[in-house]
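Student: Have a look at the structure that comes next, please.
Protein chains: 2
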Amino acid sequence: MKVNVTMKDIAERLDVSSVTVSKALNDKEGVSDELKEKIKTLADEMGYRYNAVAKSMKDGRSYNICVIIPERYTGMSQSFYLKVYQSIAQHLEEYGYYAIIHIMTDDDEDQLKLPRIYHEQRVDGFVLLGQPKTDYINHMKKLGMPLIFLDFYDENSNVDAVITDNFNGAYEITNYLIKQGHRDIAYVGNLFSTSSIQDRFLGYYKSLLEHKIQLNQDYVISDRNERGAFISFDLPEVMPTAFVCNCDQVAHLLMERLRHDGYKVPEDCSVVGFDNDIYATLTTPNLTTVEVDVEEMAKNAVKFICEKMEDPTNSFGRLAVKGKIIYRDSVNEKK
Amino acid sequence: MKVNVTMKDIAERLDVSSVTVSKALNDKEGVSDELKEKIKTLADEMGYRYNAVAKSMKDGRSYNICVIIPERYTGMSQSFYLKVYQSIAQHLEEYGYYAIIHIMTDDDEDQLKLPRIYHEQRVDGFVLLGQPKTDYINHMKKLGMPLIFLDFYDENSNVDAVITDNFNGAYEITNYLIKQGHRDIAYVGNLFSTSSIQDRFLGYYKSLLEHKIQLNQDYVISDRNERGAFISFDLPEVMPTAFVCNCDQVAHLLMERLRHDGYKVPEDCSVVGFDNDIYATLTTPNLTTVEVDVEEMAKNAVKFICEKMEDPTNSFGRLAVKGKIIYRDSVNEKK
DNA sequence: CTGAAAGCGCTTACAG
DNA sequence: CTGAAAGCGCTTACAG
């Protein structure tokens, strides 16, 4: 058995041309059924493997999509990114594409260094998963390649984006707290860090507004610096009865802090999170939170990027995928 | 500006041949320094990007290494896998290779289904990260492609492997417990699940032996079924004063269980883990554990696989990379 | 239904 | 130092 069987090898054995073999193996028209069967059978027998590199070269496409994740996000809730990646990879498979992860270092981000895969023309499009700095985004846009933002968007760029419906999720979970009788509700998150955190805040705020609850600036608590690293924070002097956290991890940190300061959850304070990631079930009590629909987000991101590759003028805007409240044990009715 | 600038385009502009352009851009001999500079400058100007696909086709290599992770592992400590992947990718870059993650579903594993990337000849070697079933391993071996096991090994396969020095790590951390005065020490882990868990057990056992401590079968506690899913377990009737857990996650679960049953850590029982992953610092108190040297493991795995691609007869055996004990607050001196 | 020719973008081996 | 020719494995467009 030859090391690498090619279509030509099959063609020679059957005394046909490699064009015919190509047509047969790709189920194209122009080969008799009989011959097609014979070719396919022999290909199997000879252990033929399709050479996708040759195909790539022919059509000038790599069939790779690069999923760029800024390194600082991978330190956070890693499960999320691997899950999203897996989902993207599975959906891309249906289109005949591959997903390749590129974890971008802070240095590369600062220096606007693009992944090697770009410089070697081995990629047809990018999915940005996790928000890089504006300069980097602008740099990527100039490439003129299909580009999708996933799990964030940028006000100043009209790049198509698939995001969690942060606004509505936070709105609904705040409504739920209010329905439980809470009126003194704090929000934990740096409003200037990412669009997600900001939108979740606005959803929280909308719920307050609708219930005629005044927004108390002491109840807006920053949890991280602008690079995304968590910072320690003080609890408000007058304590609220509930906290809406911008993510489960910070809810987890907050609950440790509350316990440390002698508050019981949910007896003294209720706490809700967002994401339903690993931290949601690591805390005691388990967190009531908003579950992100990873599957649906990945599916749409893939659809968008593939349609953009077909026709670069395709544009989709911003798609907000609805999440779902998961009710657990971190919320009490306010008596 | 043309959409895709090729060497030929540069050649025409400079009235030289594309062979010369190729030599210049690759810093090969046979071009005058002056001409080489001119070519490089123009290439930059024209926005030339190297076409690695053409190169791949020419040398019949994809320059891709596929990192296969069985899906059931990704549910566990995801941070680890993403970290390992990143480290592999970075090291592969030095060799001009790319790393591509493939998360293998249980179904694919059962049906011995290889990743599409293999069938399309878009991969030159495999790194198996996390132990698949024996049948799958044997199937992969038959491919005759460069193959490395990472973070596990298989008794029956003589495939090169890079692993954490599980035996020594567990041996040393058990020694530490004994030095703190403990003699009734349990081990938590299913001995028949993976080679890591087994080796960690043996390291624990060696430490007992050296200190003339009888192994008590009631003190060997299974934590998961053979597919790797955690199961609930009973605490021994007569409690030990310390637990060696096969991983941080199970140490975390154990500590919750202990707390629930009214035991305090480390006052009543000491607990140590293994891995130093996210669970080590999520528990209160923080875990004393063994840190895995991800960087060193990835570096060696990459070295091995690349040398095997150069010469398939290269063989390295099993390399155990030493870990490091991280001392935290989950161990007390036994009075 | 079948196939000869040309081409994708590069590199190698050779000739000058 | 420079370049014409051939080839990597496939597919497309066309001719028969």
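Taken in order, these protein sequences are the chains called A and B. Going by full-length UniProt numbering, the residue at position 254 of the first sequence is 254; the numbering climbs one at a time, nothing skipped. Going by full-length UniProt numbering, the residue at position 314 of the second sequence is 314; the numbering climbs one at a time, nothing skipped. The beta-carbon is built from N, C-alpha and C at its ideal position, and this holds for glycine as well. Quick caveat, the model's predicted, so the values are computed rather than measured.
(1) In chain order, what residues of the stretch 215-243 of chain A put their CB closer than 9 Å to some CB of chain B?
(2) Assess, as a yes-or-no matter, whether the stretch 139-155 of chain B is touched by the stretch 249-256 of chain B under the definition of 3 or more beta carbon pairs within less than 8 Å.
(3) Hey, is the stretch 288-305 of chain B in contact with the stretch 88-98 of chain B, meaning 3+ C-beta pairs nearer than 8 Å?
(4) Using three-state DSSP, classify GLY169 (chain A) as helix, strand or coil.
(5) Is SER270 (chain B) near HIS182 (chain B), with beta carbons less than 8 Å apart?
(6) Between the alpha carbons of LYS179 (chain B) and ILE173 (chain B), how many angstroms are there, rounded?
(7) At a Cβ threshold of 8 Å, is ILE100 (chain B) touching chain A?
(8) Identify every residue that forms a DSSP beta bridge with ASN286 (chain B).
(9) List the endpoints of the continuous alpha helix (DSSP H) containing ALA301 (chain A).
(10) Residues of chain A with a CB under 9 Å from the CB of residue 351 (chain B): which are they?
(11) Just checking: is the beta-carbon of TYR50 (chain B) within a distance shorter than 8 Å of some beta-carbon in chain A?
(12) Out of B:ASP135, B:GLU94, B:ASN26, point me to the one whose CA is closest to ASP106 (chain B)'s CA.
(13) Leaving aside the five residues before and after residue 337 (chain A) along the sequence, list all residues of the same chain whose C-beta is less than 7 Å from its C-beta, in chain order.
(14) From the beta carbon of TYR81 (chain B), is the nearest beta carbon of chain A less than 8 Å away?
(15) Determine the closest residue to LYS264 (chain A) out of A:THR284, A:TYR279, A:PHE274, with distance taken between C-alpha atoms.
(16) Thinking C-beta only, is ASN166 (chain B) closer than 8 Å to SER196 (chain B)?
(17) Can you give me the start and stop residues for the alpha helix (DSSP H) that ASN314 (chain A) sits inside?
(18) Evaluate contact between the stretch 42-59 of chain B and the stretch 46-58 of chain A, counting only Cβ atoms and requiring at least three cross-stretch pairs below 8 Å.
(19) Of the choices A:CYS66, A:ASP199, A:ILE185, A:LYS113, whose alpha-carbon is the least far from that of TYR97 (chain A)?
(20) Please report the straight-line C-alpha distance between MET1 (chain A) and MET46 (chain A), rounded to a whole angstrom.
(21) Could you tell me the distance, in whole angstroms, from the CA atom of ILE278 (chain B) to the CA atom of THR20 (chain B)?
(22) Using beta carbons (cut-off 8 Å, strictly below), is ARG116 (chain A) in contact with chain B?
(23) Just by C-beta distance, which residues in the UniProt domain "HTH lacI-type" (5-59) of chain A are closer than 7 Å to chain B?
(24) Buried or exposed for ASN246 (chain B), going by 16 or more other Cβ atoms inside 10 Å?
(25) What does THR74 (chain A) touch in chain B if you count any residue whose Cβ is under 9 Å from its own?
(26) Taking the alpha-carbon positions, what's the ARG200 (chain A) to THR164 (chain A) distance?
(27) Could you give the distance in angstroms between the alpha-carbon of ILE305 (chain A) and the alpha-carbon of THR289 (chain B)?
(28) With DSSP collapsed to three states, give me the class of HIS102 (chain B).
(29) In this structure, what does DSSP give as the bridge partners for SER270 (chain A)?
(30) Are the C-beta of GLU172 (chain B) and some C-beta of chain A separated by less than 8 Å?
(31) Beta carbons nearer than 7 Å to chain A: which residues of the stretch 272-297 of chain B have them?
(32) Just grab the DSSP bridge partners of CYS66 (chain B) for me.
(33) Measuring only between beta-carbons, confirm whether GLU310 (chain A) sits less than 8 Å from chain B.
(34) Measuring CA to CA, which of A:ASP110, A:THR313, A:ALA229, A:VAL321 is closest to ASN190 (chain A)?
(35) So what does DSSP say about THR164 (chain B), is it helix, strand or coil?
(36) My assumption, with CB atoms under 8 Å, is that SER62 (chain A) sits in contact with VAL123 (chain A). Please give the rounded CB distance.
Tutor: Based on what the coordinates show:
(1) Taking 9 Å as the Cβ-Cβ cut-off, the stretch 215-243 of chain A has no residue approaching chain B.
(2) no
(3) yes
(4) Along the first sequence, read from residue 1 onward, the residue named residue 169 (chain A) stands at position 169. Here GLY169 (chain A) sits in helix by DSSP.
(5) Taking the first residue of the second sequence as 1, we reach residue 270 (chain B) at position 270. Taking the first residue of the second sequence as 1, we reach residue 182 (chain B) at position 182. Yes. Within cutoff.
(6) Within the second sequence, the letter at position 179 stands for residue 179 (chain B). Within the second sequence, the letter at position 173 stands for residue 173 (chain B). Whole-angstrom Cα-Cα distance: 10 Å.
(7) Start at 1 with the first residue of the second sequence, and residue 100 (chain B) comes out as number 100. With 8 Å as the cut-off, ILE100 (chain B) counts as an interface residue toward chain A.
(8) For this step, residue 286 (chain B) is matched to residue 286 along the second sequence. For ASN286 (chain B), which the question treats as bridged, DSSP gives no partner whatsoever.
(9) The sequence position of residue 301 (chain A) within the first sequence is 301, counting from 1. Its alpha helix (DSSP H) spans residues 294-310.
(10) No information on residue 351 (chain B) is available, as it lies outside the stretch 1 to 335 that chain B covers here.
(11) As a first step, residue 50 (chain B) is located in the second sequence; it is residue number 50 there, counting from the start. Yes, its Cβ sits closer than 8 Å to a Cβ of chain A.
(12) Here the question's residue 106 (chain B) lines up with position 106 in the second sequence. With distances taken between Cα atoms, ASP106 (chain B) lies closest to B:ASP135.
(13) What the structure shows of chain A is the stretch from 1 to 335, and residue 337 (chain A) is not part of that stretch, so it cannot be assessed.
(14) Here residue 81 (chain B) corresponds to residue number 81 of the second sequence, with the count starting at 1. Yes, because at least one Cβ of chain A sits closer than 8 Å to the Cβ of TYR81 (chain B).
(15) For the purposes of this step, residue 264 (chain A) is identified with residue 264 of the first sequence, where counting begins at 1. For the residues A:THR284, A:TYR279, A:PHE274, the minimum Cα distance to LYS264 (chain A) belongs to A:THR284.
(16) For this step, residue 196 (chain B) is matched to residue 196 along the second sequence. For this step, residue 166 (chain B) is matched to residue 166 along the second sequence. Annotated as proximal: SER196 (chain B) and ASN166 (chain B), with beta-carbon spacing under 8 Å.
(17) In the first sequence, residue 314 (chain A) corresponds to position 314, counting from 1. Judged by DSSP secondary structure, ASN314 (chain A) falls outside any alpha helix (DSSP H); it is assigned neither H nor E.
(18) yes
(19) The residue labelled residue 97 (chain A) in the question sits at position 97 within the first sequence. Ranking A:CYS66, A:ASP199, A:ILE185, A:LYS113 by Cα distance to TYR97 (chain A) puts A:CYS66 first.
(20) In the first sequence, residue 1 (chain A) corresponds to position 1, counting from 1. In the first sequence, residue 46 (chain A) corresponds to position 46, counting from 1. Below a pLDDT of 50, predicted positions are generally treated as unreliable, and MET1 (chain A), at 38, falls in that range; no measurement from the model is reported.
(21) Position 278 of the second sequence, counted from the start, is the residue given in the question as residue 278 (chain B). Position 20 of the second sequence, counted from the start, is the residue given in the question as residue 20 (chain B). Using only the alpha carbons, I get a separation of about 53 Å.
(22) Locating residue 116 (chain A) in the first sequence gives position 116, counting from the first residue. It does; some Cβ of chain B falls within 8 Å.
(23) ARG49, TYR50, ASN51, ALA52, VAL53, ALA54, SER56, MET57
(24) Along the second sequence, one-based indexing puts residue 246 (chain B) at 246. Per the 10 Å Cβ criterion, buried.
(25) Taking the first sequence and counting its residues from 1, one reaches residue 74 (chain A) at position 74. Under the 9 Å cutoff, chain B gives SER79, LEU82, LYS83, GLN86.
(26) Walking along the first sequence from the start, residue 200 (chain A) turns up at place 200. Walking along the first sequence from the start, residue 164 (chain A) turns up at place 164. Going by the C-alpha atoms only, they are around 10 Å apart.
(27) The residue labelled residue 305 (chain A) in the question sits at position 305 within the first sequence. The residue labelled residue 289 (chain B) in the question sits at position 289 within the second sequence. Roughly 44 Å between the two C-alpha positions.
(28) For the purposes of this step, residue 102 (chain B) is taken as the residue at position 102 of the second sequence. Judged by DSSP in its simplified three-state form, HIS102 (chain B) adopts strand.
(29) Sequence index remark: in the first sequence, residue 270 (chain A) carries index 270 (1-based). Its beta-bridge partners are A:ALA242.
(30) Counting from one through the second sequence, the residue named residue 172 (chain B) turns up at place 172. Closer than 8 Å: no.
(31) LEU282
(32) On the second sequence, position 66 is the one that residue 66 (chain B) refers to. Per DSSP, B:ILE100, B:PHE126.
(33) For the purposes of this step, residue 310 (chain A) is taken as the residue at position 310 of the first sequence. No, because no Cβ of chain B sits closer than 8 Å to the Cβ of GLU310 (chain A).
(34) For this step, residue 190 (chain A) is matched to residue 190 along the first sequence. Out of A:ASP110, A:THR313, A:ALA229, A:VAL321, A:ALA229 has the C-alpha closest to the C-alpha of ASN190 (chain A).
(35) Stepping through the second sequence from its first residue, residue 164 (chain B) is reached at position 164. Of the three classes helix, strand and coil, the one that applies to THR164 (chain B) here is strand, per DSSP.
(36) Here residue 62 (chain A) refers to the residue found at position 62 when the first sequence is read from its first residue. Here residue 123 (chain A) refers to the residue found at position 123 when the first sequence is read from its first residue. The Cβ separation is near 6 Å, so the contact holds.
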